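Please read the structure below before turning to the comments.
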Amino acid sequence: MYNVPADFINEKKIWEVLEAHKVADAVKVKEVLAKAAEMKGLSMDDVAVLTGISDPELIKELFNTANKVKETIYGKRLVLFAPLYISNLCANECLYCAFRATNKAIVRNALTQEQIAREVQILINQGHKRILMVAGESYPTRGFQYVLDSIKTIYGVKSEHGEIRRVNVNVAPLKTEEFKALKSEGIGTYQIFQETYHRETYSKVHIGGKKKDYNWRGWSLHRAMEAGIDDVGIGILFGLFDYRFEILAMMQHIRELEEKFGIGPHTISVPRLEPATGSDLASHPPFAVSDIDFRKIVAILRLAVPYTGIIMSTRETAKMRRETFALGVSQISAGSRTNPGGYNSETEDDISGQFSLGDHRPLDEVISDVASMGYIPSFCTACYRLGRTGQDFMDLAKPGDIKLHCAPNALSSFMEYLHNYASPKTKTVGIKLIQDSIDSMSGLVKQRAIKLVNRVEQGKDDVYC
Ligand code: SAM
Ligand code: SF4
27 MYNVPADFIN
37 EKKIWEVLEA
47 HKVADAVKVK
57 EVLAKAAEMK
67 GLSMDDVAVL
77 TGISDPELIK
87 ELFNTANKVK
97 ETIYGKRLVL
107 FAPLYISNLC
117 ANECLYCAFR
127 ATNKAIVRNA
137 LTQEQIAREV
147 QILINQGHKR
157 ILMVAGESYP
167 TRGFQYVLDS
177 IKTIYGVKSE
187 HGEIRRVNVN
197 VAPLKTEEFK
207 ALKSEGIGTY
217 QIFQETYHRE
227 TYSKVHIGGK
237 KKDYNWRGWS
247 LHRAMEAGID
257 DVGIGILFGL
267 FDYRFEILAM
277 MQHIRELEEK
287 FGIGPHTISV
297 PRLEPATGSD
307 LASHPPFAVS
317 DIDFRKIVAI
327 LRLAVPYTGI
337 IMSTRETAKM
347 RRETFALGVS
357 QISAGSRTNP
367 GGYNSETEDD
377 ISGQFSLGDH
387 RPLDEVISDV
397 ASMGYIPSFC
407 TACYRLGRTG
417 QDFMDLAKPG
427 DIKLHCAPNA
437 LSSFMEYLHN
447 YASPKTKTVG
457 IKLIQDSIDS
467 MSGLVKQRAI
477 KLVNRVEQGK
487 DDVYC
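As structure tokens, this is what we get:
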């Protein structure tokens with residue numbers, strides 16, 4: 027099934043819309059921003075209008091509107107996770123990636139289940155509760171079963187105070203039956219990036235292996251949803267093609283999922299092409315996205331799909347990450363390594379990693395920084411564990427009700443981190459932030475927050491509502 031063109035990406039239509047809004051007219055921009063402030067999302071035409079902005083004053087207005095929408099929906103919460111690379115074996119030839127099959131410059135490694143358990147132990151002892159499991163597209167002896175075994179291993183590791191409570195997965199597109207097996211292992215989000223929606227560019231940069239097939243990848247989230255996975259994540263690898271085309275194409279993908287399945291993606295990732303060992307393309311992105319355009323992209327996505335989480339990885343520098351929190355980012359990775367076995371190694375190995383990182387700080391330092399900016403680091407996994415996923419999550423999120431859960435849960439899971447793992451400096455900053463946040467609350471949210479945080483202070487782990 028789905029062995030046909032992914033015709034929901036209509037390139038002709040994208041170019042027409044971009045052409046129609048080539049010059050950003052200030053009156054039109056203001057109209058679109060006023061509509062965006064209502065938090066009901068934007069059409070393709072609206073998005074095209076915003077991509078055309080270059081006037082500094084209008085950019086400022088775009089950023090202010092994105093900030094208001096972000097704070098109204100998400101408050102000051104930032105969800106934390108760590109990627110876990112289990113294998114860098116790969117049969118594909120993606121010209122931008124260090125893991126591509128013919129690259130001889132990296133050491134190949136697929137972790138054993140014991141090695142995976144060791145990595146997970148280290149992440150738990152740092153305070154992590156969410157993992158994004160990542161692999162190249164080729165698995166050792168047990169084939170796809172290796173992916174399933176690895177998820178089981180991750181959930182099976184227990185440490186003194188913690189365990190991994192949500193495993194999200196970024197592995198190559200699967201068959202519907204395989205997606206069903208993935209779901210039955212209890213994954214959180216399945217994410218996959220189309221990399222570029224532009225077919226010609228896609229063919230130029232994917233020159234070998236199964237990933238050459240644009241359509242197989244394009245339909246993958248349809249198969250995942252049909253298999254019952256209702257939290258899916260999408261993304262674009264920025265730098266491969268014109269970002270304006272890419273975000274309009276992503277809008278078409280989102281609307282297609284909404285129309286077919288009644289629900290859009292749970293998250294959007296915005297990786298920018300970073301240098302990678304053995305890749306000329308990665309060092310010289312054909313459509314490099316400037317820092318200002320990158321911030322614009324985050325702000326536009328925040329307004330276009332207000333209830334979809336935006337993920338910012340450690341590809342970006344600490345400075346860029348800080349700037350995008352205000353524009354719409356709701357989830358960040360921290361303390362990441364992108365080489366399999368990287369957490370159990372003394373030194374950072376950027377050579378065998380998938381790409382080079384922009385933010386090398388350990389988790390505790392990121393937490394301290396985020397908290398001193400007034401953002402609440404959240405390790406909450408409540409929605410997924412209480413079955414508030416897919417449509418149920420959106421039903422709660424849209425009227426803003428989710429805040430009744432998220433705000434208290436963020437504080438209790440942050441307090442758990444401070445209690446069990448934080449350095450003295452982070453603990454001081456964090457406890458003050460929790461107190462200030464509770465002081466600023468009222469009504470039911472405040473009551474819930476006080477109750478949950480008190481329970482953690484009394485030594486109880488994993489409390490949520
Ligand atoms: N192998 C699977 C695949 O390609 O779908 C899943 C994991 S792949 C390791 C995760 C993502 O890393 C890719 O989808 C791509 O967007 C990103 N990536 C690859 N090379 C990169 C680079 N040089 N800079 C930034 N991101 C990169
Ligand atoms: Fe393999 Fe994924 Fe890298 Fe492509 S992006 S070479 S599929 S690991």
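Each residue of the sequence shown is one higher than the one before, counting from 27 in our numbering. Backbone N, C-alpha and C define an ideal beta-carbon position, used for all residues, glycine too. Every value quoted in this text rests on a predicted model; they were computed, and no experiment measured them.
In the DSSP assignment, Thr293 forms a beta bridge with Gly259, Gly335. By the Cβ rule, the region 347 to 367 does not count as touching the region 259 to 275, because fewer than three pairs are nearer than 8 Å. Three or more beta-carbon pairs separated by less than 8 Å link the region 480 to 488 to the region 434 to 447, which places the two stretches in contact. Put simply, the backbone Cα of Pro366 is about 20 Å away from that of Leu299. Spanning the alpha carbons of Asp487 and Leu444 requires a straight line of approximately 11 Å.
Contact between Phe219 and Gly162 is ruled out by a C-beta separation of about 14 Å, above the 8 Å threshold. Taking all protein chains in view, the Cβ of Leu158 is crowded by 16 or more other Cβ atoms within 10 Å, so the residue is classified as buried.
Straight across, the Cα-Cα distance linking Ser210 with Lys56 is about 47 Å.
In this chain, the beta strand (DSSP E) harbouring Tyr111 covers 103 to 113.
The region 231 to 245 makes no contact with the region 139 to 155: fewer than 3 CB pairs, one atom from each, lie closer than 8 Å. Between the alpha carbons of Gly335 and Val296 lies a distance of about 11 Å. By the CB criterion at 8 Å, Ala108 and Gly78 fall outside the cutoff. Excluding the 5 residues flanking it on each side, Arg144 has same chain C-beta neighbours closer than 6 Å at Asn370, in chain order. Three or more beta-carbon pairs separated by less than 8 Å are not found between the region 216 to 233 and the region 165 to 182, which leaves the two stretches without contact. For Ala302, the three-state secondary structure derived from DSSP is strand. In this structure the region 305 to 317 lies against the region 120 to 134, because at least three pairs of beta carbons, one per stretch, are closer than 8 Å. His279 places its beta carbon less than 8 Å from that of Ile35. Within the same chain, Ala308, Ser309, Ser382 come within 6 Å of Pro301 by CB-CB distance, once the 5 residues on both sides are set aside.
Within the region 173 to 261, the complete beta strand (DSSP E) segments of 3 residues or longer fall at 192 to 196, 258 to 261, listed in chain order. Rounded to whole angstroms, the gap between the alpha carbons of Asp175 and Val197 is 14 Å.
Its chain contains Arg347, Thr350, Val355, Ile358 as the residues whose beta carbon lies nearer than 6 Å to that of Met338, once the 5 sequence neighbours on both sides are disregarded; these appear in chain order. The Cβ atoms of Leu59 and Ala330 lie no closer than 8 Å to each other. Annotation for Ile393: Pro403, Thr452 place their beta carbon closer than 6 Å to its own, counting only its chain and skipping 5 residues before and after.
A distance below 8 Å between beta-carbons, with the five flanking residues on each side excluded, links Ala131 to the following residues of its chain, in chain order: Ala124, Thr303, Gly304, Ile377.
Residue Arg411 holds the alpha-carbon nearest to the alpha-carbon of Gly214 among Leu283, Arg411, Leu110. Inside the region 55 to 136, DSSP marks whole alpha helix (DSSP H) runs of 4 or more residues at positions 70 to 77, 82 to 100, from first to last along the chain.
DSSP, reduced to helix, strand and coil, places Val30 outside both helices and strands of the structure shown, so it counts as coil.
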